[in-house]
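Trainee: Let me give you the structure first, and then I'll get to my questions.
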Amino acid sequence: MSEPAAVPVHHAPRGFVRRYIFSTDHKVIGLQYFFLALFSVLVGMLLSLAMRYHLTNPDAKVRLFEMLWPDGAAGGLMTPELYLSLMTIHGTIMVFFVLTTAPQSGFGNYFLPLQIGAEDMAFPVLNMLSFWTTFLALVVLLAAFFVEGGAPLGGWTAYPPLSAIPAAGPGQGMGMTLWIASVGLFCVASLMGAINFITTIIDLRCTGMTLARMPLTVWGWFVTAIISLLAFGVLLAAAVLLLLDRGAGTSFYVPGGLIVNDRLLDHKGGSPLLWQHLFWFFGHPEVYIAILPGMGLVSQVLSVFARKPVFGYKAMVTAMLAIAVLGFVVWGHHMFVSGMSPYSAIAFSVLTMTIGVPSAIKTFNWIGTLWGGSIRFETPLLFAAGFVSLFVAGGISGIFLGQPTLDLYLHDTYFVVAHFHMIMGVAAIFGIFAATYYWFPKMFGRSMHSALGKAHFYLTFIGVYLIFVPMHSVGLAGNPRRYPDFKEFEFLAELGGAHTFISLAAYFTAAVQLLFLANLFWSMWKGRPAAANPWEATTLEWTVASPPPHDNFGGVTPQVHQGAYEYSVPGRSRDYVMQSEP
Amino acid sequence: MSVSKAAVLDRPWAGGTRPFAMGSKKLGMWLFIVSDTLTFATLLIVYTYLRMAAPSWPTPFHFSPGILFATVMTFVLLASSFTMVLGVRAMSEGDRKAAVRWIGATMTGGLLFIALHLTEWRSLIAEGMRPFSNPWGDPLFGATFFTITGLHMTHVAAGVLYLGVIAAGVARGRFSAEDVEVSGLYWHFVDLVWMFVFPLVYLMSVSLP
Amino acid sequence: MTAHVPVRPFALVLGLLLVLTVAEVVLAYFHVPPAMMLTALLGLSVLKAGYIMAYFMHLKFERFGLFLLLVPATVFCILLFLGFLPDAGRGMMEGA
Amino acid sequence: MAFAALVWVVAAAVSVFFAARMWWFPEAISAHGADYDRQFAATWWVAGVIFVLAQLLLGWVMLRYRGMGRRAVYSHGNNALEMTWTLGGAVLFLGLVLIGTRIWAGVHLAAPRAGALEVEVSAKQFAWSYRYKGPDNRFGRTRPELANDSAGNPFGLDESDEAARDDVVTAMLRVPAGRPVVLMLTAKDVIHNFFVRELRIKQDTVPGMRIPLSFQAEKPGRYEVACSELCGLGHHQMRSTLLVMPAEEFDAWMREQAGP
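Residue numbers (the working numbering), protein chains in the order written: chain A, 34 to 615; chain B, 34 to 242; chain C, 742 to 837; chain D, 96 to 355.
Okay, structure coming up:
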């Protein structure tokens with residue numbers, strides 16, 4: 034392999050089905066994932082709007098609810114079980130089909146091979162399979178709404194015995210079974226994806242693409258894929274055992290002596306805590322699966338638009354690896370009040386606080402990247418900077434929740450809800466927005482509307498702070514999460530004003546997203562045609578046409594001679610040096 | 034800034050080359066093995082956890098037939114791994130016929146393992162063992178036993194099918210030496226898992242005289 | 742890859758694995774506390790697994806980087822599972 | 096410009112909003128609660144200062160370094176600076192958690208104090224029941240198959256056991272002020288959670304487990320017990336009352352319950 038490999042030029046398959054449906058082209062698969070996530074995020078957002086509406090108007094009769102869920106909202110009045118099932122599907126769809134799918138499988142599939150100078154992923158057919166398995170998982174999940182009893186109501190964490198006993202509530206029958214099946218399928222799809230990503234990054238980098246020259250986005254996908262590979266197998270096993278408890282009469286998670294609906298169950302010997310351990314062993318790394326690609330992307334975007342090298346590239350990579358390792362040793366902080374050993378809790382909390390250190394490194398290095406730059410205020414930059422602001426805002430509440438002492442009050446209140454929405458539901462999504470605005474010209478050959486994009490950013494940024502800051506406060510007042518209404522408790526009645534405010538802010542923020550949708554679809558067909566390298570960025574995807582040809586580099590494998598962030602190099606006429614430039 | 038091409042190519046991680054000097058399929062199989070290891074490890078830790086939590090755990094396996102059977106099954110599996118090594122070796126030396134023969138021997142080992150295992154399952158079921166109860170006490174004994182050995186047996190069965198496809202292809206002149214090696218990796222992994230199932234599930238539950 | 746691969750080391754490994762298996766079975770019949778038994782059996786199993794990986798799965802003859810990529814992370818995760826165990830049987834009620 | 100202004104406004108607004116304490120903790124009614132509030136306040140200052148500083152800094156660099164045709168500084172970083180914030184962060188975060196550990200240990204690791212009132216708590220979909228030992232100072236035998244709420248026997252007390260007959264079972268948790276209490280938390284069907292805001296205590300009730308929880312309420316009054324772990328469709332209605340009574344009143348109530 035001393036000569037640059039002479040790769041034959043491949044033409045795209047001609048048939049519509051092979052080209053756009055069962056395609057093995059990483060770019061088409063990336064777009065498929067992107068649109069699957071877009072559909073999912075819309076569904077998830079509409080579910081959350083329905084929930085917010087119900088929380089503030091618990092007695093309202095809504096025709097739309099009745100049309101959508103004739104059983105759960107007879108006469109338009111939402112039942113508690115319907116509310117809880119909306120909540121369960123909202124959480125599941127957002128965590129798995131949006132936050133895991135868009136940044137990693139969507140943008141990762143599209144841009145990983147382009148950024149490392151490869152023609153495709155290492156296993157194109159496996160790639161196709163993993164998309165269609167994800168698709169099937171989504172169909173199975175949504176099907177839960179339409180079976181008897183409706184969707185499950187145990188939340189995305191599905192704690193047994195509630196999730197293990199079909200008699201424990203409506204939705205805990207067929208709906209719950211479908212939920213488990215969906216999660217199992219998603220695990221399989223993610224494992225296939227992880228194997229593909231790792232192999233691609235190890236084997237298919239073009240000549241000169243050393244590890245230290247890889248864009249931080251690639252590092253983000255690499256670390257994320259490693260976490261996925263190690264975490265999803267555990268969830269898969271845990272899900273199979275839960276299924277057996279429900280179907281085969283085993284008792285892995287169900288202890289003896291349970292009385293459900295006045296009936297003594299036959300189960301004996303299991304442990305509800307066991308599921309929590311297994312679930313969070315996967316679940317905490319999952320949080321980083323959602324955020325790490327965004328971290329990589331933000332580093333990339335800040336550097337491009339500040340026209341300045343990333344501040345502390347090695348520290349950024351080290352911090353990502355440290356976050357990955359620490360992400361595996363802190364699962365117990367989700368279980369401080371679960372009845373786990375109090376000694377374990379202390380150990381977990383010390384480890385949890387340690388994660389603050391690499392997180393702080395990332396934050397300050399992002400600011401350090403902007404420091405001394407010559408910042409171009411384009412929409413992707415705004416979203417990346419917004420990510421930094423929200424990452425701080427969402428991460429800082431982790432200092433409270435990571436202490437078992439403080440968790441004694443805050444656990445399962447709206448403080449937690451606000452915390453993880455700020456970091457996963459908003460910061461991570463800002464990463465996705467930044468990626469969309471940044472790479473849109475490359476994906477579709479056209480530019481998104483700049484003024485609309487900026488308006489979208491500013492209004493969303495204001496909106497999310499308006500939603501989630503008061504929500505922290507509501508949590509401090511002790512408001513438990515996962516309540517369909519607040520009528521039963523005196524202390525919750527006093528919080529009605531706060532909830533109304535939060536709901537209004539949520540409607541506003543959701544409405545603003547119409548700007549994004551309009552901009553996205555309008556620009557796809559009518560946007561200004563984009564140059565090959567509109568942002569004057571250095572990485573390899575900008576060396577090819579927009580959109581890239583079927584075989585990416587036209588059969589010529591590129592060669593890399595530079596690091597990924599050579600901006601404003603002294604002595605150069607242009608303020609950027611492409612990675613492929615000698 | 035620029036590094037000469039030769040200097041870059043000398044380093045395995047510099048791109049344009051495969052750092053582990055192996056095909057992507059082989060690396061992919063290794064990665065699959067990592068994730069599957071964690072799935073099996075999860076089941077084994079679940080078993081350990083539940084067994085530690087149980088007030089008493091059944092120890093119903095007598096030397097004959099239980100332990101004797103399981104020991105013979107272990108021998109069969111180890112021997113089949115060895116024949117697989119010989120199959121991979123034959124293939125790497127270009128001897129397709131011998132490769133097919135050795136893979137066939139491996140498959141026979143796998144089938145024998147499944148047959149012995151099913152016989153054992155049948156006799157345990159005849160004694161009254163179920164996933165939800167058993168005559169000796171803690172109901173989770175049956176649940177963990179059937180789940181762990183069942184998942185392992187599924188892997189063996191899938192392996193036999195996989196090797197069948199490989200053998201048929203090799204006989205018709207398809208597949209490279211590395212393809213055979215990759216299937217061998219999977220087979221050895223199934224063997225490796227059993228090295229933990231055997232002591233944990235069987236030997237820790239022998240009925241001591 | 743047409744180099745001649747000797748069979749002998751692999752046959753020796755097979756023999757060793759069979760011997761270790763017999764040793765495990767014999768060991769299982771000693772009357773020792775369960776914790777000690779578990780440690781001994783797991784020790785032997787790790788040894789066997791090591792031989793299978795090193796020889797049968799050829800890891801010994803691959804580049805060391807592959808070992809570094811695969812083994813430490815996996816072992817780390819499996820060791821972390823031990824963090825579940827302090828909760829096994831914790832606060833258990835009678836008949837649960 | 097707009098971005099910097101907005102981030103600064105956000106930082107200021109968030110600070111003012113939380114300083115106003117529009118929706119906030121209720122007053123604590125135990126020594127543990129006071130400790131809790133101190134730990135919270137300490138964490139509050141650390142988090143608040145980091146938050147405000149980071150936002151101010153972010154706004155400032157965005158304002159100061161906005162591109163105006165000027166060339167950016169070519170720099171790959173500064174190791175000394177990175178070490179500073181790495182070590183600073185580590186010391187700060189770990190310090191906080193170690194200080195708080197004492198409070199955690201007080202709830203979960205301290206030996207139950209002598210003379211503590213023991214109450215068994217049983218949670219089910221969607222109600223709470225409490226059981227006191229009665230005059231004989233012993234919990235009587237229970238059998239799950241006897242448990243029947245409509246017959247007023249949520250614990251499944253076995254009347255054939257002498258010790259069970261005088262057990263007092265209630266739907267409201269009454270405790271004496273100024274005396275240590277140990278709750279034994281149990282659940283009959285799924286996981287629930289015992290949460291009293293004023294005590295600053297929250298603990299899951301897990302089926303199959305008996306989890307002890309100690310507290311000592313100082314201030315008499317009526318407080319709400321809320322279920323804080325999703326337990327099914329009636330989760331939001333799973334309410335009960337904690338009545339902290341002056342010790343003499345509690346004793347009188349207890350004597351009255353025990354009957355003649």
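Even glycine gets a Cβ: it sits at the ideal position worked out from N, Cα and C. Quantities reported herein were computed from a predicted structural model and do not represent experimental measurements.
Would you verify that the beta carbon of residue 457 of chain A is, or is not, closer than 8 Å to some beta carbon of chain C?
Mentor: As a working note, residue 457 of chain A is residue 424 in the first sequence. Not one chain C Cβ lies under 8 Å of residue 457 of chain A.
Trainee: Verify whether the separation of the beta carbon atoms of residue 104 of chain B and residue 240 of chain B is less than 8 Å.
Mentor: The sequence position of residue 104 of chain B within the second sequence is 71, counting from 1. The sequence position of residue 240 of chain B within the second sequence is 207, counting from 1. The answer is no: Cβ separation not under 8 Å.
Trainee: Please state whether DSSP places residue 250 of chain D in a helix, a strand or coil.
Mentor: Taking the fourth sequence and counting its residues from 1, the one referred to as residue 250 of chain D is at position 155. Of the three classes helix, strand and coil, the one that applies to residue 250 of chain D here is coil, per DSSP.
Trainee: What three-state label does DSSP hand residue 111 of chain A in the structure shown?
Mentor: In the first sequence, counting from the first residue as 1, residue 111 of chain A sits at position 78. Reduced to three states, the DSSP call for residue 111 of chain A is coil.
Trainee: Please identify the residue among A:483, A:128 and A:535 whose C-alpha is closest to the C-alpha of residue 502 of chain A.
Mentor: Against the first sequence, residue 502 of chain A aligns to sequence position 469. The option with the nearest alpha carbon to residue 502 of chain A is A:535.
Trainee: In the DSSP assignment, find the unbroken alpha helix (DSSP H) run with residue 583 of chain A in it and report its ends.
Mentor: Along the first sequence, read from residue 1 onward, the residue named residue 583 of chain A stands at position 550. Premise fails: residue 583 of chain A is in no alpha helix (DSSP H) and is neither H nor E.
Trainee: Checking the sheet assignment: what are the DSSP bridge partners for residue 298 of chain D?
Mentor: For the purposes of this step, residue 298 of chain D is taken as the residue at position 203 of the fourth sequence. Its beta-bridge partners are D:289.
Trainee: Distance check for residue 268 of chain A and residue 311 of chain A, CA to CA, integer angstroms please.
Mentor: Here residue 311 of chain A is taken as the residue at index 278 of the first sequence, counted from 1. Here residue 268 of chain A is taken as the residue at index 235 of the first sequence, counted from 1. Those two C-alpha atoms are separated by around 7 Å.
Trainee: By the three-class DSSP mapping on this structure, what secondary structure does residue 477 of chain A have?
Mentor: Walking along the first sequence from the start, residue 477 of chain A turns up at place 444. If DSSP states are grouped into helix, strand and coil, residue 477 of chain A belongs with the helices.
Trainee: Any Cβ of chain C within less than 8 Å of the Cβ of residue 304 of chain D?
Mentor: As a position in the fourth sequence, residue 304 of chain D is number 209, starting the count at 1. Closer than 8 Å to some Cβ of chain C, the Cβ of residue 304 of chain D qualifies, so yes.
Trainee: From the DSSP output, which residues share a beta bridge with residue 333 of chain D?
Mentor: Residue numbering aside, residue 333 of chain D sits at position 238 when the fourth sequence is read from its first letter. The partner list for residue 333 of chain D (beta bridge, DSSP) is empty, contrary to what the question assumes.
Trainee: Beta-carbon of residue 778 of chain C versus every beta-carbon of chain D: anything under 8 Å?
Mentor: In the third sequence, counting from the first residue as 1, residue 778 of chain C sits at position 37. Chain D, which has no Cβ nearer than 8 Å to the Cβ of residue 778 of chain C, makes this no.
Trainee: Give the single residue among A:351, A:170, A:94 and A:439 whose Cα lies nearest to the Cα of residue 112 of chain A.
Mentor: Locating residue 112 of chain A in the first sequence gives position 79, counting from the first residue. Looking at the Cα atoms, A:94 is the closest of the given residues.
Trainee: Compute the Euclidean distance between the alpha carbons of residue 144 of chain A and residue 158 of chain A, then round it to the nearest angstrom.
Mentor: Here residue 144 of chain A corresponds to residue number 111 of the first sequence, with the count starting at 1. Here residue 158 of chain A corresponds to residue number 125 of the first sequence, with the count starting at 1. Rounded to the nearest angstrom, the two C-alpha atoms are 18 Å apart.
Trainee: State buried or exposed for residue 107 of chain B, treating a residue as buried only when at least 16 other CB atoms are found within 10 Å of its CB.
Mentor: As a first step, residue 107 of chain B must be located in the second sequence, where it is residue number 74. By the neighbour-count rule (16 or more Cβ atoms within 10 Å), residue 107 of chain B is buried.
Trainee: Which same chain residues end up closer than 8 Å to residue 107 of chain D when comparing Cβ atoms and leaving out the 5 residues on each side of it in sequence?
Mentor: Translated into the one-based positions of the fourth sequence, residue 107 of chain D becomes position 12. For residue 107 of chain D, where only same-chain residues beyond five positions count, there are no Cβ hits under 8 Å.
Trainee: Taking the C-alpha atoms as reference points, what is the distance between residue 484 of chain A and residue 322 of chain D?
Mentor: On the first sequence, residue 484 of chain A is found 451 positions in, with the first residue counted as 1. On the fourth sequence, residue 322 of chain D is found 227 positions in, with the first residue counted as 1. Approximately 48 Å between the Cα atoms of the pair.
Trainee: Which value, in whole angstroms, describes the spacing of the CA atoms of residue 99 of chain B and residue 217 of chain A?
Mentor: As a working note, residue 99 of chain B is residue 66 in the second sequence. As a working note, residue 217 of chain A is residue 184 in the first sequence. When rounded, the distance between both Cα atoms is 34 Å.
Trainee: Please list, in chain order, all residues of the same chain as residue 818 of chain C whose beta carbon is under 6 Å from its beta carbon, the five residues on each side excluded.
Mentor: As a position in the third sequence, residue 818 of chain C is number 77, starting the count at 1. Answer for residue 818 of chain C: no residue qualifies.
Trainee: Note the first and the last residue of the continuous beta strand (DSSP E) segment covering residue 279 of chain D.
Mentor: Taking the first residue of the fourth sequence as 1, we reach residue 279 of chain D at position 184. 276-282 is the extent of the beta strand (DSSP E) around residue 279 of chain D.
Trainee: Please confirm whether residue 181 of chain B and residue 234 of chain B have their CB atoms less than 8 Å apart.
Mentor: Taking the second sequence and counting its residues from 1, the one referred to as residue 181 of chain B is at position 148. Taking the second sequence and counting its residues from 1, the one referred to as residue 234 of chain B is at position 201. Closer than 8 Å, so yes.
Trainee: Rounded to whole angstroms, how far is the Cβ of residue 382 of chain A from the Cβ of residue 367 of chain A, which I believe are closer than 8 Å?
Mentor: Along the first sequence, one-based indexing puts residue 382 of chain A at 349. Along the first sequence, one-based indexing puts residue 367 of chain A at 334. Residue 382 of chain A to residue 367 of chain A, Cβ: 12 Å. No contact.
Trainee: Any C-beta of chain B sitting closer than 8 Å to the C-beta of residue 69 of chain A?
Mentor: Mapped onto the first sequence, residue 69 of chain A falls at position 36. With 8 Å as the cut-off, residue 69 of chain A does not count as an interface residue toward chain B.
Trainee: Within the 8 Å Cβ cut-off, does residue 178 of chain A reach chain C?
Mentor: On the first sequence, residue 178 of chain A is found 145 positions in, with the first residue counted as 1. So, not an interface residue.
Trainee: Grouping DSSP H, G and I as helix and E and B as strand, with all else coil, what is residue 596 of chain A?
Mentor: Your numbering for residue 596 of chain A matches position 563 in the first sequence. Note: residue 596 of chain A maps to coil in three-state DSSP.
Trainee: Could you tell me the boundaries of the alpha helix (DSSP H) in which residue 485 of chain A lies?
Mentor: Locating residue 485 of chain A in the first sequence gives position 452, where the first residue counts as 1. From DSSP, the alpha helix (DSSP H) with residue 485 of chain A extends over 483-509.
Trainee: How would you list, in chain order, the residues of chain C whose beta-carbon sits under 9 Å from the beta-carbon of residue 196 of chain D?
Mentor: To locate residue 196 of chain D, count along the fourth sequence from 1; it is residue 101. Going along chain C, no residue has its Cβ under 9 Å from residue 196 of chain D, so there is no contact; the nearest lies around 17 Å.
Trainee: The alpha helix (DSSP H) spanning residue 308 of chain D covers which residue range?
Mentor: Here the question's residue 308 of chain D lines up with position 213 in the fourth sequence. Here residue 308 of chain D belongs to no alpha helix (DSSP H); instead the beta strand (DSSP E) covers 306-310.
Trainee: Is the region 338-345 of chain D touching the region 265-279 of chain D in the sense that three or more CB pairs, one from each, lie closer than 8 Å?
Mentor: Cβ pair count under 8 Å is three or more, so yes.
Trainee: Starting from residue 532 of chain A, find everything on chain C with Cβ-Cβ shorter than 7 Å and list it in chain order.
Mentor: Within the first sequence, the letter at position 499 stands for residue 532 of chain A. Correct list: empty, because the minimum Cβ distance to chain C is about 36 Å.
Trainee: Would you please verify whether the beta carbon of residue 122 of chain B is less than 8 Å from any beta carbon of chain C?
Mentor: Taking the first residue of the second sequence as 1, we reach residue 122 of chain B at position 89. Taking Cβ atoms only, chain C reaches closer than 8 Å to residue 122 of chain B, which makes this a yes.
Trainee: Does the beta carbon of residue 82 of chain B come closer than 8 Å to any beta carbon on chain A?
Mentor: For this step, residue 82 of chain B is matched to residue 49 along the second sequence. With 8 Å as the cut-off, residue 82 of chain B counts as an interface residue toward chain A.
Trainee: Which of the three DSSP states, helix, strand or coil, is assigned to residue 340 of chain D?
Mentor: Locating residue 340 of chain D in the fourth sequence gives position 245, counting from the first residue. Of the three classes helix, strand and coil, the one that applies to residue 340 of chain D here is strand, per DSSP.
Trainee: Since residue 281 of chain D meets chain C, which of its residues come closer than 8 Å, beta carbon to beta carbon?
Mentor: The sequence position of residue 281 of chain D within the fourth sequence is 186, counting from 1. In chain order: 834.
Trainee: From the DSSP output, in three-state form, read off residue 807 of chain C for me.
Mentor: Your numbering for residue 807 of chain C matches position 66 in the third sequence. The answer is helix: DSSP assigns residue 807 of chain C an H, G or I state.
Trainee: Only counting the same chain, and skipping five residues up and downstream in sequence, which positions put a Cβ closer than 8 Å to that of residue 137 of chain D?
Mentor: Reading the fourth sequence from its first residue, position 42 is the one you call residue 137 of chain D. If we look at residue 137 of chain D and ignore the five residues flanking it on each side, its Cβ neighbours are 191 and 194.
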